[in-house]
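Numbered by our numbering, the letters in the sequence shown go through residues 5 to 500 in order.
Just so you know, even glycine gets a beta-carbon here, dropped at the ideal spot from N, CA and C.
As structure tokens, the structure follows; a few thoughts come after it.
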Amino acid sequence: MSATANSDLLTITLAEGARRLRAGEITAQELTRAFLDRIAATDDQVRAFVTVTEESALAAAEQADEILSSGDATAPLTGLPIGLKDVLMTRGVRTTAGSRMLDTLIPPYDATVVGRLRQAGAISLGKLNMDEFAMGSSTEHSAWFPTANPWDLDRVPGGSSGGSAAAVAAQQCIATLGSDTGGSIRQPASFCGVVGLKPTYGRVSRYGLIAFASSLDQIGPFTRTVEDAALLLQEIAGPDPLDSTCYDAPVPDFSAELDRGLDGLRVAAPVEFFTGGMDDDVAAVIETALDLLSANGAMVDRSPSMPSVPMALPVYYILAPSECSANLARFDGVKYGHGARQGESMWADMEATRKHGFGREVKRRILLGAYALSAGYYDAYYLKAQKVRTLIRREFDRVFADHDVIVAPTAPTVAFKQGAITDPYQMYLNDIFTIPANIAGLPAISIPGGFGADGMPVGLQFVGQRLDESVLLGVANAYEKLTGWNTTPPSIVGST
Ligand code: GLN
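Structural data, given as structure tokens:
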């Protein structure tokens, strides 16, 4: 295949890929090969993948081509190569959650979303790097290696789903799945110049997602376009008897509002999302974006105030560690992955397992959480945080009583250099604008908004009403169509 044909395949979207596969213009094997070759050419620099499943991907592609050529390809994603964050259980494929604790885990079952994508015909190319147990904002906390930002290899891709974002930006996959507890889909999407969607809490089953903070975790897509985000969400969303927190509501057509435009759209830009530590280059991009929205028919209202929103970050750093200290108690070296055998006592084995198996950041979170939940401190920390969570939820409800969406920056800065942030608190501040949506359980999307310092991408965030992903996607799509920035591929080393 010629270099042009090859690079043409690499910038394909799910929508376009599906069309061309069905029209017989390309085959699933060509497409899969092109992406596997791209991974081979670039991943020693990007390091997005923990595991590449070449053999099973090629076998699946062969099967997809048989189905496609027989003309009965009813599954919407038939033959389209995707990647999965390594926090999602994959039957027969090593799943580490970026942790030494799970260095040998080969799950006997698939996460619900993985099964659904398979049913939908998608082909997994492998498992993507992440901060250990999804705790972090730079993918530097992976136990394996850091992932680089394809726009500038000296910078981080964001985190915790850094591998999922970098793989799409580096054209190693058409789309990927990540998870977002406090911003782990949207912040890396912002840093890598791709689309990242966190659905409403409960929209997508968490069964088979290795749990970090169960009241906040949600799985969602990374894509090149908003249209593709809608297509992928369509396949993974919906009730699941294996996750009781999953909404029982029927799944709407997420593409229904894609062409709604911005006319008459009531956009809130609450003051608290526009203060607090945004870099000037990011602020400039966001201001231009607001002007563009207004100039194209949206009514941007800068008057709403959400006084509890600045509390979202401290609330999160009580609730998420508390939930993680409970969730990670299961890693005792007996049932899963790494298990140290000292032979002296069960306690000695457990201590050795956890000491070696967990990295520093994970230990910090477990300690924070155990402290916040301990007798005597529970009321002062955990209970109080839950009360503030309710206040934050109500403030969102109040704004949504007379607005359709909220607009905000995704992250306060562009991607920073690897190794630049060593202070944990500084790292936590990356999520200052993304965490509120998790606290309130609302859907939120980051799309390429423009470019900041050194030509690095800046994400624009929209937050929607509960279960209102269709409108959220419609607004995001309208902005994308105005700018077209999603189509700009990064000039990374190893480009074909
Ligand atoms: N960066 C945040 C944290 O470290 C959010 C992570 C996430 O969303 N999984 O907790």
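**Message:** Can you look up Met460 in the DSSP assignment and give me helix, strand or coil?
**Reply:** coil
**Request:** Tell me whether Val230 sits in a helix, a strand or coil according to DSSP, three-state version.
**Result:** Under the three-state reduction of DSSP output, Val230 falls in the helix class.
**Message:** Taking the beta strand (DSSP E) that Asp201 belongs to, which residues open and close that run?
**Reply:** Position check: residue 201 holds Leu in this sequence, whereas Asp was assumed. Where Leu201 is concerned, the enclosing beta strand (DSSP E) stretches over Val199 to Lys202.
**Asked** Which first and last residues belong to the alpha helix (DSSP H) in which Ala448 is found?
**Response** According to the DSSP assignment, Ala448 belongs to no alpha helix (DSSP H) but to the beta strand (DSSP E) extending over Ala448 to Phe455.
**Prompt:** Should Asn300 be counted as a contact of the ligand GLN given a C-beta to heavy atom distance under 8 Å?
**Reply:** no
**Message:** Given the structure, does Phe226 come close to the ligand GLN, in the sense that its CB is under 8 Å from one of the ligand's heavy atoms?
**Reply:** no
**Prompt:** If you check the beta carbons only, do Val505 and Glu20 fall under 9 Å apart?
**Reply:** Residue 505 lies beyond the stretch modelled for the chain, which goes from 5 to 500, so this question has no answer here.
**Request:** Under 8 Å by Cβ, that's how I've got Pro203 and Ala241 pegged, so tell me the actual separation to the nearest angstrom.
**Result:** About 7 Å; that satisfies the 8 Å criterion.
**Prompt:** For Thr414 versus Ser194, is the C-beta spacing smaller than 9 Å?
**Reply:** yes
**Prompt:** Quick one, are the C-beta atoms of Thr116 and Leu246 less than 9 Å apart?
**Reply:** Yes.
**Message:** I'd like the span of the beta strand (DSSP E) that includes Asp114, first residue to last.
**Reply:** Unbroken run through Asp114: none, as it is neither H nor E.
**Prompt:** Considering only residues of the same chain and omitting the five flanking positions on each side of Thr279, which have a CB-CB separation below 7 Å?
**Reply:** none
**Asked** Rounded C-beta distance between Phe39 and Cys177? I'm assuming under 8 Å.
**Response** 6 Å
**Asked** Out of Arg334, Ala234 and Ala457, which has the shortest C-alpha to C-alpha gap to Asp284?
**Response** Ala457
**Item:** Nearest to Ala169 (by Cα), restricted to the options Leu220, Ala419, Tyr429 and Phe455
**Value:** Closest by alpha carbon: Ala419.
**Message:** According to DSSP, simplified to helix, strand and coil, what is Ala124?
**Reply:** Correct three-state label for Ala124: coil.
**Message:** Pop quiz: Glu144 and Gln422 are said to be a contact at Cβ under 8 Å. What is the actual Cβ separation, rounded to whole angstroms?
**Reply:** 7 Å
**Request:** Measure the C-alpha to C-alpha separation of Met431 and Thr36 and round it to an integer number of angstroms.
**Result:** Roughly 36 Å between the two C-alpha positions.
**Asked** Of all the options Phe149, Arg210, Asp408 and Thr438, which has the alpha carbon lying nearest to the alpha carbon of Phe277?
**Response** It is Thr438.
**Request:** Starting from the C-beta of Ile322, find all residues in its chain whose C-beta is less than 7 Å away, skip the five residues before and the five after it, and write them out in chain order.
**Result:** Ala376, Tyr385, Tyr386 and Ala389
**Prompt:** So who's on the other strand from Thr108, going by DSSP bridges?
**Reply:** Its beta-bridge partners do not exist; DSSP assigns none.
**Prompt:** Of the choices Ala147, Ala288 and Leu395, whose alpha-carbon is the least far from that of Leu132?
**Reply:** Ala147
**Asked** Taking 9 Å as the CB-CB limit, is Ala384 close to chain C?
**Response** No chain C is present in this structure, which holds just one protein chain.
**Asked** At which residues does the alpha helix (DSSP H) containing Thr394 begin and terminate?
**Response** Lys388 to Ala405
**Rounded C-alpha distance that separates Asn300 from Asp263** = Here the alpha carbon of Asn300 sits roughly 14 Å from the alpha carbon of Asp263.
**Prompt:** Given Arg470, which residues of its chain have a CB within under 8 Å of its CB, disregarding the five upstream and five downstream residues?
**Reply:** Thr204, Gly445, Leu446 and Pro447
**Message:** At a cut-off of 8 Å, would you count Tyr113 as near the ligand GLN, judging by its Cβ distance to the nearest heavy atom?
**Reply:** no
**Message:** One question on the structure: do Gly102 and Val91 come within less than 9 Å of each other, judged by their Cβ atoms?
**Reply:** yes
**Whole-angstrom C-beta distance between Glu365 and Gly140, which should lie under 8 Å** = 6 Å
**Prompt:** So, helix, strand or coil for Asn153, using DSSP?
**Reply:** strand
**Prompt:** Does the beta-carbon distance from Gly341 to Leu88 come in below 9 Å?
**Reply:** no
**Asked** Rounded to a whole number of angstroms, what is the C-alpha to C-alpha distance between Ala272 and Tyr381?
**Response** 37 Å
**Message:** Considering only heavy atoms of the ligand GLN, does any lie closer than 8 Å to the CB of Asp284?
**Reply:** No, the beta carbon of Asp284 sits no closer than 8 Å to any heavy atom of the ligand GLN.
**Asked** Nearest to Asp252 by alpha carbon, out of Ala333, Ile436, Gly206 and Ala302?
**Response** Gly206
**Message:** Between the stretch 302 to 321 and the stretch 337 to 355, can you find at least three pairs of beta-carbon atoms closer than 8 Å?
**Reply:** no
**Request:** With DSSP collapsed to three states, give me the class of Ala38.
**Result:** helix
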